[in-house]
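Novice: To start, I am sharing the structure in question, which I have written as structure tokens.
Number of protein chains: 2
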Amino acid sequence: MTTLKDIAKRANVSVMTVSRVVKNSGYVNTETRKLIEAVIKELDYRPNEIARSLHRSSTNNILLVVPDIENPFFAEMIKGTTTVLRQYGYQSIFADSDGEIGNEKAIADRALSRIVDGVILYCPRAEAAYFDFLSARIPLLVVDRRIASHAVDHIYIDNKPSAQAAVDYLIANGHRDIGLIGGPQNVLANLRRKSGYLASLKAHDIPVTDQYMFFCGFEFEDGVSAFDYFWRMERRPSAYFATNDLMALGFIQQAHEKGLAIPGDFSVVGFDNIAMSRLISPALTTVDNPRRDMGALAAFRMLRKLDPTVEVPQFEMTNRMVIRGSVRNIA
Amino acid sequence: MTTLKDIAKRANVSVMTVSRVVKNSGYVNTETRKLIEAVIKELDYRPNEIARSLHRSSTNNILLVVPDIENPFFAEMIKGTTTVLRQYGYQSIFADSDGEIGNEKAIADRALSRIVDGVILYCPRAEAAYFDFLSARIPLLVVDRRIASHAVDHIYIDNKPSAQAAVDYLIANGHRDIGLIGGPQNVLANLRRKSGYLASLKAHDIPVTDQYMFFCGFEFEDGVSAFDYFWRMERRPSAYFATNDLMALGFIQQAHEKGLAIPGDFSVVGFDNIAMSRLISPALTTVDNPRRDMGALAAFRMLRKLDPTVEVPQFEMTNRMVIRGSVRNIA
DNA sequence: TTGTACGCGTTATCAG
DNA sequence: CTGATAACGCGTACAA
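Read top to bottom, the protein sequences are chains R and A.
Residues in the first sequence are numbered consecutively from 49, following the numbering used here.
Residues in the second sequence are numbered consecutively from 49, following the numbering used here.
And the structure:
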């Protein structure tokens with residue numbers, strides 16, 4: 049592990065001269081520079097970034113905390129973020145909280161020991177007060193979660209309007225009996241999607257039918273269960289709004305299993321626009337969630353916090369409907 | 049940003065005494081300890097890990113480099129690794145090479161400036177010599193790639209035997225015309241799967257038919273193309289071995305699209321056992337690839353390199369057939 | 001153009 | 001039990 053000192057000794061100069069060569073700053077005699085460069089190569093010297101970090105008290109590391117990296121939604125966000133960070137010379141320290149508040153806090157707390165310059169929390173589960181606490185101590189960005197406190201920087205798209213638009217679309221296609229495959233009721237984004245569903249019905253003077261709303265987990269299997277649930281009903285909806293694509297896929301899969309056709313027998317709209325939605329048959333009509341851009345924006349916003357001269361490009365942070373083949377017009 | 053010195057000043061003691069309290073080492077008078085602890089709390093002191101790292105010249109960081117975090121295969125491996133690392137007090141620095149050799153090397157090279165204690169490369173693309181270079185400078189582990197050099201630590205499962213077993217299984221079910229959906233020909237694991245296919249045919253004295261082998265990418269769409277390719281043939285195979293599940297899924301999807309039944313009309317076997325394979329209908333018969341365990345093993349092996357007292361648990365690093373519903377016995 | 005001294009925050013050593 | 005000192009590797013400020 050060779051250091052500046054080793055080079056200096058070998059080249060018969062002071063460490064400072066070597067440092068100047070390494071950083072390419074200040075005046076150095078061309079001859080000595082050449083000599084030093086040779087020695088550097090010979091001894092395979094590389095600056096110790098830890099020492100540098102200590103000196104300038106910044107690390108060029110950003111901590112990213114996600115609930116579950118196996119979920120493609122977060123994987124794509126992370127990719128958006130790391131790509132940008134790397135372009136600006138920052139490394140990503142990555143941690144998976146397994147969706148547990150305890151882990152989440154433990155991870156973020158460690159960041160307070162100056163191993164990173166900033167923290168990005170993706171869809172965190174912790175209570176609001178914790179973000180105030182963190183934000184007071186280190187540059188913090190919260191992604192995909194609405195934060196009341198003005199003190200905490202965050203990126204959040206309200207999913208309600210686009211969910212409403214999705215249901216509006218079903219109604220425009222002649223459907224009035226619309227089922228909700230509602231997912232878990234303790235995740236904010238999901239609740240906003242439900243709100244959109246309710247708002248659309250209300251706007252069209254369609255009464256809400258409690259049995260038409262099915263609440264469950266967030267997975268493919270939950271879509272399967274949803275189908276089974278609705279299948280047992282005597283008078284069942286002609287169209288379904290699933291609050292995420294995975295459930296919509298499960299629903300469709302099970303419909304096929306039972307010999308039903310989509311969109312012939314039932315229409316389905318999902319939410320998120322995951323990769324698989326485009327690939328199945330019929331391709332799923334859904335609402336795009338620009339997670340990659342959210343990730344990139346998070347990176348830029350963090351970079352800007354650390355260096356106000358950084359330009360944050362414009363991203364269109366909107367959910368957009370993607371019309372494909374899973375809805376039939378019955379009007 | 050409060051330091052030991054601040055605490056010391058406030059408590060009227062030396063930094064060393066404070067340090068002892070913080071690290072809970074050595075003798076400290078109970079009274080002074082209490083006082084110091086109070087001041088620590090009051091000033092919200094946290095040790096500077098960078099300074100510690102500099103001193104002990106180790107960072108407790110491990111660098112993980114994957115070709116693409118959006119690929120669930122890698123996401124799961126990473127999860128296996130980070131979970132173990134975290135249990136042992138290590139953080140994961142994460143980087144995505146986008147599958148490009150240039151990025152891969154640039155990332156790993158940065159690791160040489162002592163920001164991490166070790167490097168784990170997942171399915172790297174670089175040439176063999178580079179691993180020797182890296183391995184000579186920093187603890188290195190290469191995962192999911194066979195390495196000739198004995199000097200480079202690696203974790204690798206030869207996929208050939210299990211691929212062979214998969215094709216054996218088709219043959220045992222009465223199939224003799226077996227198509228290969230072969231994926232890309234520049235990825236080692238994939239080539240080994242093809243070798244298994246060939247070996248099985250040979251072992252059963254079934255001649256190899258060139259037109260029965262279709263080479264393509266690695267994605268869902270490639271499975272779709274494969275179906276279209278075979279569909280055009282006059283005399284087509286009754287069974288297919290896809291060298292990964294994603295392609296098998298695309299194949300099945302397209303078969304359904306064309307009104308064909310699996311396994312009624314064609315039998316299909318995949319490889320990898322991704323989550324989706326269990327969920328579709330018919331559930332896919334495939335070969336499990338223990339990526340999560342590979343990830344965990346990678347972590348343990350790295351930990352052991354850094355600290356020889358670490359115990360590496362036994363993992364059964366084998367591909368295992370998962371029999372589900374996509375193969376029909378036509379004997 | 002080159003070198004000296006000091007500090008970044010922590011800890012090991014040794015003396016008191 | 002406590003404290004002074006040096007060291008980790010680098011870079012800023014100031015001299016020479």
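Think of the CB as a built atom: it goes at the ideal place given N, C-alpha and C, for glycine as much as any other residue.
Which two residues bound the contiguous beta strand (DSSP E) that contains A:Arg368?
Specialist: 368 to 370
Novice: Assuming R:Gly166 is part of the beta strand (DSSP E), what are its boundary residues?
Specialist: 166 to 170
Novice: Would you say R:Gln301 reaches chain A, if we count a Cβ-Cβ gap shorter than 9 Å as a contact?
Specialist: yes
Novice: Show which residues of chain R have a CB atom less than 7 Å away from the CB atom of A:Arg162.
Specialist: Asn96, Glu97, Ile98
Novice: Could you check whether A:Leu182 and A:Leu160 sit closer than 9 Å to each other, using their CB atoms as the reference points?
Specialist: In contact: A:Leu160 and A:Leu182 (Cβ atoms closer than 9 Å).
Novice: Please report the residue range of the alpha helix (DSSP H) in which A:Ile110 lies.
Specialist: Careful: A:Ile110 lies outside any alpha helix (DSSP H), inside the beta strand (DSSP E) at 109 to 114.
Novice: Would you mind reading off the limits of the beta strand (DSSP E) that contains A:Phe142?
Specialist: 139 to 144
Novice: Can at least three beta-carbon pairs, one atom from the stretch 251 to 268 of chain R and one from the stretch 174 to 194 of chain R, be found at a separation below 8 Å?
Specialist: By the Cβ criterion, the stretch 251 to 268 of chain R is not in contact with the stretch 174 to 194 of chain R, since fewer than three pairs of Cβ atoms, one from each stretch, lie closer than 8 Å.
Novice: Return the residue from the list A:Val335, A:Val375, A:Lys82 that minimises the CA-CA distance to A:Pro209.
Specialist: A:Val335
Novice: Have a look at A:Ala346, A:Asn292, A:Ala347, A:Ala344 and flag the residue whose alpha-carbon is nearest the alpha-carbon of A:Thr333.
Specialist: A:Asn292
Novice: Could you tell me the boundaries of the beta strand (DSSP E) in which A:Tyr288 lies?
Specialist: 287 to 290
Novice: Relative to the C-alpha of R:Asp144, which candidate in A:Pro361, A:Asn367, A:Ala123, A:Leu345 has its C-alpha closest?
Specialist: A:Ala123
Novice: Name the two residues that bound the continuous beta strand (DSSP E) containing R:Val317.
Specialist: It spans 315 to 317 - the beta strand (DSSP E) in which R:Val317 sits, taken as one unbroken run.
Novice: Note the first and the last residue of the continuous beta strand (DSSP E) segment covering A:Asp336.
Specialist: 334 to 336
Novice: Given a limit of 7 Å on CB to CB distance, which residues of the stretch 118 to 129 of chain R reach chain A?
Specialist: Close to chain A, meaning a Cβ-Cβ distance shorter than 7 Å, are the following residues of the stretch 118 to 129 of chain R: Glu118, Pro120, Ala123, Glu124, Ile126, Lys127.
Novice: Grouping DSSP H, G and I as helix and E and B as strand, with all else coil, what is A:Ile88?
Specialist: helix
Novice: At a Cβ threshold of 9 Å, is A:Gln139 touching chain R?
Specialist: yes
Novice: Do you know how far the Cα of A:Met342 is from the Cα of A:Gly128?
Specialist: 7 Å
Novice: On the DSSP bridge assignment, give the partners of R:His202 in chain order.
Specialist: R:Val190
Novice: How big is the Cα-Cα spacing for R:Ile55 and R:Arg100?
Specialist: 17 Å
Novice: Just curious, the beta strand (DSSP E) that R:Gly227 is in, first and last residue?
Specialist: 226 to 229
Novice: Indicate whether the contact test is met: 3 or more Cβ pairs, each with one atom in the stretch 80 to 95 of chain R and one in the stretch 136 to 150 of chain R, closer than 8 Å.
Specialist: no
Novice: Can you give me, in chain order, the residues of the stretch 253 to 275 of chain A that have a beta carbon less than 7 Å from any beta carbon in chain R?
Specialist: Phe268
Novice: Just checking: is the beta-carbon of R:Ile328 within a distance shorter than 9 Å of some beta-carbon in chain A?
Specialist: yes
Novice: Name the chain A residues whose beta carbon is nearer than 9 Å to that of R:Leu102?
Specialist: Asn96, Ile98, Ala99, Ser101, Leu102
Novice: Measure the C-alpha to C-alpha separation of R:Ile155 and A:Pro361 and round it to an integer number of angstroms.
Specialist: When rounded, the distance between both Cα atoms is 25 Å.
Novice: What does R:Ala347 touch in chain A if you count any residue whose Cβ is under 7 Å from its own?
Specialist: Result: empty, since nearest Cβ-Cβ is about 13 Å, beyond 7 Å.
Novice: Quick one: using the 10 Å Cβ neighbour count with 16 as the cut-off for buried, is A:Arg339 buried or exposed?
Specialist: Burial of A:Arg339 is indicated by the presence of at least 16 other C-beta atoms within 10 angstroms of its C-beta.
Novice: Is the distance from the Cβ of A:Gln286 to the Cβ of A:Ser374 below 9 Å?
Specialist: First, the residue type needs correcting, since residue 286 of chain A is Ser and not Gln in the sequence shown. Result no, Cβ atoms of A:Ser286 and A:Ser374 do not sit closer than 9 Å.
Novice: Would you mind telling me which residues of chain A sit closer than 8 Å to R:Ala143, beta carbon to beta carbon, in chain order?
Specialist: Thr130, Arg134, Gln139, Ser140
Novice: Rounded to whole angstroms, what's the CA-CA distance from R:Asn72 to R:Lys57? Just pull it up for me.
Specialist: 19 Å
Novice: Going by DSSP, what residues sit across from R:Asp320 in a beta bridge?
Specialist: According to DSSP, R:Asp320 bridges with R:Asp336.
Novice: Answer with buried or exposed for R:Ser105, where buried requires no fewer than 16 other C-beta atoms within 10 angstroms of its C-beta.
Specialist: exposed
Novice: Using the rule of at least 16 other Cβ atoms within 10 Å of the residue's Cβ for burial, across every protein chain shown, is A:Gly318 buried or exposed?
Specialist: buried
Novice: Counting only beta-carbon atoms, is R:Arg173 nearer than 9 Å to chain A?
Specialist: no
Novice: How far does the alpha helix (DSSP H) with A:Ser248 in it extend, from its first residue to its last?
Specialist: 236 to 251
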